[in-house]
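Since the structure comes first, as structure tokens, the remarks are kept for the end.
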Amino acid sequence: QQQQPRQPQQSPQQHQRHHTQPKEIDNMSGLSSVTKLMEPLMNRAAKLYQASITKELNKMGLRYEDIMSRDEPEVNEALELAHPDVVEGRYRRLKRASDLAFKQKNLGDYAPNMVLDPLKSEIRADVDKILERDVEFDMLNNFKKG
1 QQQQPRQPQQ SPQQHQRHHT QPKEIDNMSG LSSVTKLMEP LMNRAAKLYQ ASITKELNKM
61 GLRYEDIMSR DEPEVNEALE LAHPDVVEGR YRRLKRASDL AFKQKNLGDY APNMVLDPLK
121 SEIRADVDKI LERDVEFDML NNFKKG
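Under full-length UniProt numbering, read the sequence shown as residues 1 to 146, first letter to last.
Okay, here's the thing in structure tokens:
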């Protein structure tokens, strides 16, 4: 008689692990469907938030980028690399906003017809590139810490 090769027996932990993997995959697909269902709601909330922020920034004549802190190294570096006109414009908007806040006035009280673009981006792309560079640098030099 010819013997069949024996199948290795699975331990209860291996057997259980084998059967839980499809459930984990199902949970992940369930999570993505929840994400898809929440996406329209999140988009609507983002638009409402953006409208609210835009309204508040327009009161003082600021841009969204102007409220980014220069104390953050990536923002500071982006401003150092930016064109002098960009830096000067930011400085003037911040100074004007400070003056308006001190006087408890809005920009509309002095310049009602001024065209404002609070979501205009001049340094955001540079900030993002600097952050990506720093993350890449950390990943490449991570082996030195061990």
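Cβ coordinates follow ideal geometry from the N, Cα and C atoms, glycine included.
Bear in mind that the values here come from a model prediction, so they are computed numbers and not experimental data.
Short Cβ contact (8 Å threshold) for residue i with residue j
i	j	result
I123	V86	yes
M68	A97	no
R63	P112	no
L94	L100	no
Per-residue burial, residue i [other beta carbons within 10 Å of its own, 16 or more giving buried]
i	result
L140	exposed
A78	buried
D66	buried
L37	exposed
R92	exposed
L48	exposed
L57	buried
Rounded Cβ spacing between residue i and residue j (contact assumed at less than 8 Å)
i	j	result
E74	V115	About 30 Å; that fails the 8 Å criterion.
Own chain residues within Cβ distance below 7 Å of residue i, not counting five before or after
i	result
K120	R63
Close Cβ partners of residue i (< 6 Å) along its chain, the five nearest in sequence each way excluded
i	result
N76	R70
In chain order, which alpha helix (DSSP H) runs of at least 4 residues are fully inside the segment 56–83? 73–81
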